[in-house]
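Here is the structure we will look at, set down as structure tokens.
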Amino acid sequence: MGGGGEPGTLFGEKPGHKMEGWEPIIYSCYGASAVLLIVGLWNKPTTSINAWAKDEANARLKLKREGEDVEYGTHYNSKAAKFAFAKEGVGAVPTSESDDE
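Here the working numbering is used: the first residue of the sequence shown is 28, the next is one more, and so on.
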């Protein structure tokens, strides 16, 4: 069972083994990749239907509290609804649709 190497050594490496030139580079890449993966997964957007429905219900309740009518079938918690800007032409300053009222 097993094979080669001295007993009690990992992968046949002798104690006090000096790292080869490529080892620090590959280990730093492993570490950077792990950090990038952890940060990326930690900050991923929540895309579940429950999260969307909760945000949509909160937006509709807020509109009802303010006395506005809620039309079913319209999304009130989308970026397009929050940041609706119109531009009259090239060089014109964009204005919010709510500013026009």
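No residue lacks a Cβ here, since even glycine has one placed at the ideal position from N, Cα and C.
{"Query": "Helix, strand or coil at S75 [DSSP, three-state]", "Result": "coil"}
{"Query": "Residues of its chain near Y99, where Cβ-Cβ distance is below 6 Å and the 5 sequence neighbours each way are ignored", "Result": "none"}
{"Query": "A78 CB to nearest heavy atom of the ligand FMN below 7 Å", "Result": "Looking for the ligand FMN in the displayed structure turns up nothing, as the structure carries no ligands at all."}
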